[in-house]
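Student:
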Amino acid sequence: MPRTTDLPKAAIVTRYNGGESCGTLAVAYGRAESTMRENLHRWGAAIRRRGPARTYTLDEAFFHSIDTEAKAYWLGFILADGRVGRTGAGNWICRVDLSVRDEGHLRKLAAAVKTTAPIKIGHHGASAYLDLCSVQLCYDLRLLGCTPHKTGKHGTPAIDAELKYHFYRGYFDGDGSLFAVPQIHAWRVDVIGATGFIKEFQNWLVQRAAVKPTKLRQVDCSADVSSLRYTGGPQIERIMRLLYDGANDYLDRKYDRFMELLGRSKRRTT
């Protein structure tokens, strides 16, 4: 059996673009269908979805190169609140499921990836979700760490340093919280995620928000998942300004809380 590097790439891509299926090509060249599909994607072929033709529009290459604020933001958000996996029919799908109060945020995501797919309401009316069905989009997300069963396993994807502000804001919008602690007249930031990822996020904050390292808190007695917590006044404002100042993409509810923090800080200094 020839190695992947020995396969006639140009000929295979030509045959695929001519209408032959991944399954047919996999049999012809002695490969698993999933391997052939990933090879074709790596070689630059526009992968067709399985089954019927696409019903809704979608920018399937949106996450192929993380080179804008929007792409970095939504990558972070999906890493926190999205799920990538396969349907019963074998098609790859990315689902983002939120509280129904954040349905408007799903509309922002739909606009960013240029999809006409509908936003659906969950069975009990408490949640809303958006399904993005695409082999290519899910493959790119998997390369960036959004893998099936990613909880406790994901790290920080390799993206440009200037885009990490937007990436971390997206993640914070998904798995972070900002709230007042009136008993001590302070604010608190909490972020939860894979322990290695949370350590990297803390190091980033230490370097850019002038906060001190703090001990991570284990979640559900698991060493794989940790929570990062900061409490105070000025240091919380520095963290939130780092993430939200000048931002174009954000969860409205979190941004409103940020503005509430700034309002209270301003009142304390006047």
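Residue 57 is where the sequence shown starts when you use my numbering, and the numbers rise one by one after that. By construction, the Cβ of each residue, glycine as well, lies at the ideal position given by its N, Cα and C atoms.
In chain order, which alpha helix (DSSP H) runs of at least 4 residues are fully inside the segment 151-201?
Tutor: 159-168 and 191-199
Student: Extract the residue ranges of the beta strand (DSSP E) inside the segment 267-324, only unbroken runs of 3 or more that lie entirely within it.
Tutor: 273-275 and 278-288
Student: On the CB-based measure, 16 or more other CB atoms within 10 Å of its CB, does residue 92 come out buried or exposed?
Tutor: Here the question's residue 92 lines up with position 36 in the sequence shown. Residue 92 should be labelled buried.
Student: Does the distance from the CB of residue 189 to the CB of residue 147 come in under 7 Å?
Tutor: Locating residue 189 in the sequence shown gives position 133, counting from the first residue. Locating residue 147 in the sequence shown gives position 91, counting from the first residue. Yes, the pair counts as a contact, with Cβ atoms nearer than the cut-off.
Student: On a CA-only basis, which of 312, 279, 303 and 73 is nearest residue 124? Give me that one, please.
Tutor: As a first step, residue 124 must be located in the sequence shown, where it is residue number 68. Measuring from the Cα of residue 124, the nearest candidate turns out to be 303.
Student: Can you list, in chain order, the residues of its chain with a C-beta nearer than 7 Å to that of residue 165? Leave out the 5 residues immediately preceding and following it.
Tutor: Taking the first residue of the sequence shown as position 1, residue 165 is located at position 109. Cβ neighbours of residue 165 beyond the five flanking positions: 130, 152 and 186.
Student: Any chance the segment 173-186 sits against the segment 195-203, with 3 or more Cβ pairs inside 8 Å?
Tutor: Per the Cβ contact rule, the segment 173-186 is not in contact with the segment 195-203 (fewer than 3 Cβ pairs under 8 Å).
Student: Of the residues 280, 167 and 156, which one's Cα is nearest the Cα of residue 180?
Tutor: For the purposes of this step, residue 180 is taken as residue 124 along the sequence shown, with counting starting at 1. Nearest C-alpha to residue 180: 156.
Student: Shortest alpha-carbon distance to residue 95 belongs to which of 117, 119, 144 and 66?
Tutor: Position 39 of the sequence shown, counting from 1, holds the residue named residue 95. Minimum Cα distance to residue 95 is reached at 66.
Student: Does the beta-carbon distance from residue 288 to residue 242 come in below 7 Å?
Tutor: Here residue 288 corresponds to residue number 232 of the sequence shown, with the count starting at 1. Here residue 242 corresponds to residue number 186 of the sequence shown, with the count starting at 1. The answer is yes: Cβ separation under 7 Å.
Student: Can you list, in chain order, the residues of its chain with a C-beta nearer than 6 Å to that of residue 318? Leave out the 5 residues immediately preceding and following it.
Tutor: The residue given as residue 318 occupies position 262 in the sequence shown. Close CB contacts of residue 318 within its chain, under the 6 Å cut and outside five residues either way in sequence, are absent.
Student: Count the C-beta pairs between the segment 220-229 and the segment 126-140 that are closer than 8 Å, then say yes if the count reaches three, no if not.
Tutor: yes
Student: Skipping 5 residues on each side, what residues in its chain have a beta carbon closer than 8 Å to that of residue 292?
Tutor: Residue mapping note: residue 292 aligns to position 236 of the sequence shown, counting from 1. The answer, listed in chain order, is 234, 242, 243, 244, 245, 286 and 317.
Student: Which runs of the alpha helix (DSSP H) fall wholly inside the segment 114-139 and span at least 4 residues, in chain order?
Tutor: Qualifying alpha helix (DSSP H) stretches, in chain order: 125-137.
Student: Taking the alpha-carbon of residue 177 as reference, which of 167, 308, 162 and 284 has the nearest alpha-carbon?
Tutor: Your numbering for residue 177 matches position 121 in the sequence shown. Nearest C-alpha to residue 177: 162.
Student: Verify whether the separation of the beta carbon atoms of residue 76 and residue 192 is less than 7 Å.
Tutor: One-based indexing of the sequence shown puts residue 76 at position 20. One-based indexing of the sequence shown puts residue 192 at position 136. No; because the gap between Cβ atoms is not below 7 Å, this pair is not in contact.
Student: Leaving out the 5 sequence neighbours to the left and right, which residues in its chain are closer than 8 Å to residue 262 when beta-carbon positions are compared?
Tutor: In the sequence shown, residue 262 corresponds to position 206, counting from 1. Correct list, in chain order: 268 and 269.
Student: State the Cα-Cα distance for the pair residue 196 and residue 120, rounded to the nearest angstrom.
Tutor: Residue mapping note: residue 196 aligns to position 140 of the sequence shown, counting from 1. Residue mapping note: residue 120 aligns to position 64 of the sequence shown, counting from 1. Between residue 196 and residue 120, the C-alpha separation is close to 6 Å.
Student: Just checking my contact of residue 272 with residue 284 at CB under 8 Å: how many whole Å lie between their CB atoms?
Tutor: As a first step, residue 272 is located in the sequence shown; it is residue number 216 there, counting from the start. As a first step, residue 284 is located in the sequence shown; it is residue number 228 there, counting from the start. Cβ-Cβ separation between residue 272 and residue 284: approximately 6 Å, consistent with a contact (criterion under 8 Å).
Student: Can you find a CB in chain D that lies within less than 7 Å of the CB of residue 259?
Tutor: Going by chain labels, chain D is absent from the structure shown, which holds only one protein chain.
Student: Tell me the DSSP bridge mates of residue 245?
Tutor: Taking the first residue of the sequence shown as position 1, residue 245 is located at position 189. Looking at the DSSP assignment, residue 245 forms a beta bridge with 234 and 286.
Student: Kindly list the residues whose CB is nearer than 6 Å to the CB of residue 265, restricted to its own chain and excluding five residues on each side of it in sequence; keep chain order.
Tutor: Sequence index remark: in the sequence shown, residue 265 carries index 209 (1-based). Only 294, 295 and 298 meet the Cβ criterion.
Student: Could you tell me the boundaries of the alpha helix (DSSP H) in which residue 264 lies?
Tutor: Translated into positions along the sequence shown, residue 264 becomes position 208. That run of the alpha helix (DSSP H) goes 251-264.
Student: Helix, strand or coil: how does DSSP classify residue 93 here?
Tutor: Locating residue 93 in the sequence shown gives position 37, where the first residue counts as 1. Note: residue 93 maps to helix in three-state DSSP.
Student: Rounded to whole angstroms, what is the Cα-Cα separation between residue 158 and residue 114?
Tutor: As a first step, residue 158 must be located in the sequence shown, where it is residue number 102. As a first step, residue 114 must be located in the sequence shown, where it is residue number 58. In this structure, the CA atom of residue 158 is about 21 Å from the CA atom of residue 114.
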